[in-house]
Each structure stands twice: as C-alpha cells, then as structure tokens.
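Start counting the sequence shown at 1; every next residue gets the next number (the working numbering).
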Amino acid sequence: MANEPFTPEEKKVFLASQPELSKAQFDAIAEFIQSNVGIKMPEQKQIMVQSRLLSRLKALKMSNFDDYIAYVFAGGPQSDEEIALMINVITTNLTNFFREKQHFEYMTEKALPELAELGYKDVNIWSAGCSSGEEPYTLSIVMQEFMRTKPNTISGYSVLATDISSNVLGKAMNAVYPMESVADLSMELKKRYFLKSKDKENPLVRVKPELRSKVEFQRLNFMDSSYPIKGEKQIIFCRNVLIYFDKPTQEAVIRKLISHLVPGGYLFLGHSETIFGMDLPLKTVAPTSFKKI
Numbered sequence: 001m002a003n004e005p006f007t008p009e010e011k012k013v014f015l016a017s018q019p020e021l022s023k024a025q026f027d028a029i030a031e032f033i034q035s036n037v038g039i040k041m042p043e044q045k046q047i048m049v050q051s052r053l054l055s056r057l058k059a060l061k062m063s064n065f066d067d068y069i070a071y072v073f074a075g076g077p078q079s080d081e082e083i084a085l086m087i088n089v090i091t092t093n094l095t096n097f098f099r100e101k102q103h104f105e106y107m108t109e110k111a112l113p114e115l116a117e118l119g120y121k122d123v124n125i126w127s128a129g130c131s132s133g134e135e136p137y138t139l140s141i142v143m144q145e146f147m148r149t150k151p152n153t154i155s156g157y158s159v160l161a162t163d164i165s166s167n168v169l170g171k172a173m174n175a176v177y178p179m180e181s182v183a184d185l186s187m188e189l190k191k192r193y194f195l196k197s198k199d200k201e202n203p204l205v206r207v208k209p210e211l212r213s214k215v216e217f218q219r220l221n222f223m224d225s226s227y228p229i230k231g232e233k234q235i236i237f238c239r240n241v242l243i244y245f246d247k248p249t250q251e252a253v254i255r256k257l258i259s260h261l262v263p264g265g266y267l268f269l270g271h272s273e274t275i276f277g278m279d280l281p282l283k284t285v286a287p288t289s290f291k292k293i
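Now the structure itself:
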C-alpha cells in the first residue's frame with residue numbers, strides 16, 4: 001500500500017528485532033484510540049504503532065507488549081497517566097478532520113447560538129497548537145456550515161492557527177492531506193470543502209481556497225511570557241498539547257490563553273486534559289469544555 005512505511009523484507013527484519021505487537025493488541029489499542037480520540041487506525045499502521053510504543057516500553061523497563069497492555073488498561077491513576085502518554089506518542093502529527101467531534105457538536109449546538117444571542121456577528125477563533133492544520137480547517141467548516149444552515153445569526157468569522165513548529169505550519173498552510181483523514185466526513189462535506197487528487201496510487205485531498213482564506217497561521221511558543229495575539233477571541237481550542245507540561249505550567253499557559261478570551265467565551269481542551277485544582281475564571285459546561293466567567 002502507498003502508506004506502508006517498510007518493504008516486506010524490511011518489515012521482517014524489524015519484527016524479528018523488536019518486541020512484537022500482536023494483531024489483537026493492536027486492535028485493542030486502535031479501538032481505544034478511535035473511541036477516545038476520534039482517529040481511525042487502519043491495519044497498515046500496526047508497525048508504526050509498535051515502533052512508537054517501544055519508547056514507552058523502554059521508559060517502563062518492560063520487555064513485551066503483554067505487560068504493557070495489562071499496565072495500560074489496569075485502571076487507576078498510573079494507568080490514566082500512561083494512557084495519556086500512549087495517546088500522545090501514537091497520535092503525534094497524526095490527526096483527522098473532526099477529531100474529538102463532541103467539541104464541534106457542542107460548538108454548533110450550544111456555543112455558537114449563545115454567542116449569536118450575545119450579539120456577536122463575527123466570531124474570532126484561535127486554534128492553539130494547530131499541528132498540521134486539520135483542526136483549524138475543521139473549525140472553518142463548522143463555521144461555514146453554521147452560517148449556511150442558520151442565516152441571519154453569525155455573518156463572519158476568522159480562525160487564527162498557531163504552533164511552535166515551522167515545519168507543521170508549512171504543511172498546514174499547504175492544506176494537502178491523505179484521503180483517509182476525511183474518511184469519516186459525509187460525501188456532501190467532502191464535495192463542498194475539498195478538492196480530490198487524480199492520483200489513484202496516492203489519493204490526496206486539498207482544502208478549498210474559500211476555507212484556506214479564512215485561516216491565518218502564526219508561529220507561537222507557549223513558554224513565552226506573553227502571547228502576541230491580536231484581538232479578542234470568542235472560542236479557543238487548545239487540545240492535546242498541555243499534557244507535555246507539568247501542572248503549574250499548564251495553569252500558566254491556560255491563564256495566558258484565556259487572557260485573550262472574552263467573558264462568556266469558550267475554551268476546549270483535549271480529552272485527557274483538565275483544569276481540576278486550578279484557580280481559573282472558568283466553569284465546566286461539558287466534558288473538557290469550559291466557559292469564561
């Protein structure tokens with residue numbers, strides 16, 4: 001297959017020299033990733049998953065995946081921490097459109113109608129830690145669909161997308177993705193917002209210009225003392241980034257983020273991230289979804 005990272009001979013050598021992840025173990029992990037993160041893990045990703053998880057086995061001084069799987073799904077605080085680490089190792093630079101779709105559903109059904117009632121005709125959104133761009137373009141699709149289906153509410157929007165990596169920002173601006181990244185989208189959305197390549201050996205899609213024009217990209221380091229962001233935002237997405245920081249740093253980053261959020265605005269964090277124990281002007285309105293008070 002086009003996405004297979006090894007030749008058959010290289011695959012044999014690799015499998016012979018490393019602890020092996022069985023198909024049953026891969027299936028269990030893939031099912032967990034899809035249900036909790038929203039990313040499909042097709043069979044051809046098994047070697048990639050095995051390769052990436054070797055760092056976790058090494059860190060835990062484990063020699064096989066039987067022990068690792070038992071540890072991951074044992075339950076309890078240690079298991080929860082390892083699940084977060086496992087997800088981040090596997091999904092680094094690997095994402096789909098509408099990842100963790102419950103956030104986009106809440107945005108459409110609750111956040112945007114409430115912002116419209118507050119009188120916001122233009123909604124300014126910030127995708128903080130945007131990686132290769134699927135999230136900000138998903139946000140642009142959500143806004144286009146909301147304005148299309150609910151006219152005379154919100155009439156305009158902008159999406160700011162930031163990341164520390166110039167490399168992934170370049171990929172995001174190019175807006176070209178493998179076909180599998182839009183596998184869960186309806187045919188209607190695919191036709192409305194994506195251009196399809198003619199290369200059957202390496203099927204790709206590109207985000208249409210009308211979406212790309214609404215997204216501005218900017219390099220930003222969360223460790224900076226302040227963030228040079230123009231204008232106030234009504235919605236901020238910062239998902240699956242804070243896990244890399246300790247608790248005090250997480251709180252400091254969130255505090256700097258929401259300094260750019262209007263009162264009544266919304267912050268969305270990743271599935272394994274929390275503000276528990278933090279002194280922040282936020283209230284929980286849905287799982288990992290918060291409103292500034």
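Glycine included, each C-beta is placed from N, C-alpha and C at the ideal position.
How long is the line joining the alpha carbons of T138 and I47, rounded to whole angstroms?
-> By one-based count along the sequence shown, residue 138 stands at place 138. By one-based count along the sequence shown, residue 47 stands at place 47. Going from the Cα of T138 to the Cα of I47 covers about 28 Å.
Where does P263 sit, in a helix, a strand or coil, going by DSSP?
-> As a first step, residue 263 is located in the sequence shown; it is residue number 263 there, counting from the start. Of the three classes helix, strand and coil, the one that applies to P263 here is strand, per DSSP.
Return the first residue and the last residue of the alpha helix (DSSP H) that F125 is part of.
-> Taking the sequence shown and counting its residues from 1, the one referred to as residue 125 is at position 125. The question names Phe, but residue 125 in the sequence shown is Ile. In the DSSP assignment, I125 falls outside any alpha helix (DSSP H) and within the unbroken beta strand (DSSP E) covering D122 to A128.
Between L211, I258, F73 and L118, which lies nearest to E232 when the distance is taken from Cα to Cα?
-> Locating residue 232 in the sequence shown gives position 232, where the first residue counts as 1. For the options L211, I258, F73 and L118, the alpha carbon positioned closest to that of E232 is the one of I258.
Strand pairing of S289, partner residues [DSSP] = For the purposes of this step, residue 289 is taken as residue 289 along the sequence shown, with counting starting at 1. Per DSSP, F268 and A286.
Measure the Cβ-Cβ separation of M223 and E251 and say whether it is below 7 Å.
-> Against the sequence shown, residue 223 aligns to sequence position 223. Against the sequence shown, residue 251 aligns to sequence position 251. Cβ atoms of M223 and E251: not closer than 7 Å.
CA-CA distance, K40 and L115?
-> Within the sequence shown, the letter at position 40 stands for residue 40. Within the sequence shown, the letter at position 115 stands for residue 115. The alpha-carbon atoms of K40 and L115 are separated by roughly 32 Å.
How is I275 classed by DSSP in three states: helix, strand or coil?
-> As a position in the sequence shown, residue 275 is number 275, starting the count at 1. Coil at I275, not helix or strand.
Would you list the one or two residues that DSSP bridges to E216?
-> For the purposes of this step, residue 216 is taken as residue 216 along the sequence shown, with counting starting at 1. L160, per the DSSP bridge assignment.
Is the segment 52-62 touching the segment 77-90 in the sense that three or more CB pairs, one from each, lie closer than 8 Å?
-> With a cut-off of 8 Å, the segment 52-62 and the segment 77-90 count as touching, because enough Cβ pairs lie within range.
I229 by DSSP, collapsed to three states: which one?
-> As a first step, residue 229 is located in the sequence shown; it is residue number 229 there, counting from the start. If DSSP states are grouped into helix, strand and coil, I229 belongs with coil.
Measuring CB to CB, does L220 end up less than 7 Å from T153?
-> Here residue 220 corresponds to residue number 220 of the sequence shown, with the count starting at 1. Here residue 153 corresponds to residue number 153 of the sequence shown, with the count starting at 1. It is not a contact, given that the beta carbons lie outside the stated cut-off.
From the DSSP output, in three-state form, read off F222 for me.
-> Position 222 of the sequence shown holds residue 222. Looking at F222 - three-state DSSP - the assignment turns out to be coil, as it is neither helix nor strand.
Find out if the Cβ-Cβ distance for the pair A175, V207 is shorter than 7 Å.
-> By one-based count along the sequence shown, residue 175 stands at place 175. By one-based count along the sequence shown, residue 207 stands at place 207. For A175 and V207, yes; Cβs fall inside 7 Å.
In this structure, what does DSSP give as the bridge partners for P308?
-> As displayed, the chain neither begins before 1 nor continues past 293, which places residue 308 out of reach and without an answer.
Do S158 and F97 come within 7 Å of each other at the CB atom, strictly closer than that value?
-> As a first step, residue 97 is located in the sequence shown; it is residue number 97 there, counting from the start. As a first step, residue 158 is located in the sequence shown; it is residue number 158 there, counting from the start. In this structure, the beta-carbon distance from F97 to S158 does not fall below 7 Å.
Sort out for me which residues DSSP pairs F237 with in a bridge.
-> As a working mapping, residue 237 is identified with position 237 in the sequence shown. Looking at the DSSP output, F237 sits in a beta bridge with S127 and F268.
Nonlocal neighbours in the same chain, by C-beta distance under 8 Å from V262, ignoring five residues either side | Locating residue 262 in the sequence shown gives position 262, where the first residue counts as 1. The residues are E232, K233, Q234 and K292.
How is K150 classed by DSSP in three states: helix, strand or coil?
-> The sequence position of residue 150 within the sequence shown is 150, counting from 1. DSSP places K150 in coil when its eight states are reduced to three.
Sheet register partners of L195 (DSSP bridge) = The residue labelled residue 195 in the question sits at position 195 within the sequence shown. According to the DSSP secondary-structure assignment, L195 is paired through a beta bridge with R206.
Just curious, the alpha helix (DSSP H) that E251 is in, first and last residue?
-> Translated into the one-based positions of the sequence shown, residue 251 becomes position 251. Taken as a continuous stretch (DSSP letters only), the alpha helix (DSSP H) holding E251 covers K247 to I258.
Going by the CB atoms, is the gap between P203 and M179 shorter than 7 Å?
-> As a working note, residue 179 is residue 179 in the sequence shown. As a working note, residue 203 is residue 203 in the sequence shown. Yes, Cβ-Cβ distance for M179 and P203 is below 7 Å.
Is it right to say K23 is buried, meaning 16 or more other beta carbons lie within 10 angstroms of its own, or is it exposed?
-> As a position in the sequence shown, residue 23 is number 23, starting the count at 1. Of the residues assessed, K23 falls on the exposed side of the cut-off, its CB having fewer than 16 other CB atoms within 10 angstroms.
Which residues in the same chain have their Cβ closer than 7 Å to the Cβ of S226, if we skip the five residues on either side of it in sequence?
-> Within the sequence shown, residue 226 is the residue found at index 226, counting from 1. A distance below 7 Å between beta-carbons, with the five flanking residues on each side excluded, links S226 to the following residues of its chain, in chain order: K256.
Can you tell me whether P248 is buried or exposed, with buried defined as 16 or more other CB within 10 angstroms of its CB?
-> By one-based count along the sequence shown, residue 248 stands at place 248. The residue in question, P248, is exposed, as its Cβ has fewer than 16 Cβ neighbours within 10 Å.
Measure from the alpha carbon of P151 to the alpha carbon of each residue in D122, I69, P136 and K196, then state which is nearest.
-> For the purposes of this step, residue 151 is taken as the residue at position 151 of the sequence shown. Measuring from the Cα of P151, the nearest candidate turns out to be D122.
Go to L70, then tell me how far its alpha helix (DSSP H) extends in each direction, as first and last residue.
-> Working through the sequence shown from its first residue, we reach residue 70 at position 70. Note that residue 70 is Ala in the sequence shown, not Leu. Where A70 is concerned, the enclosing alpha helix (DSSP H) stretches over F65 to V72.
Where does Q50 land, buried or exposed, given buried means 16+ other C-beta within 10 angstroms?
-> On the sequence shown, residue 50 is found 50 positions in, with the first residue counted as 1. Classification for Q50: buried.
Bounding residues of the alpha helix (DSSP H) (the contiguous stretch that carries N96) | Looking up residue 96 in the sequence shown gives position 96. Where N96 is concerned, there is no enclosing alpha helix (DSSP H), given that its DSSP letter is neither H nor E.
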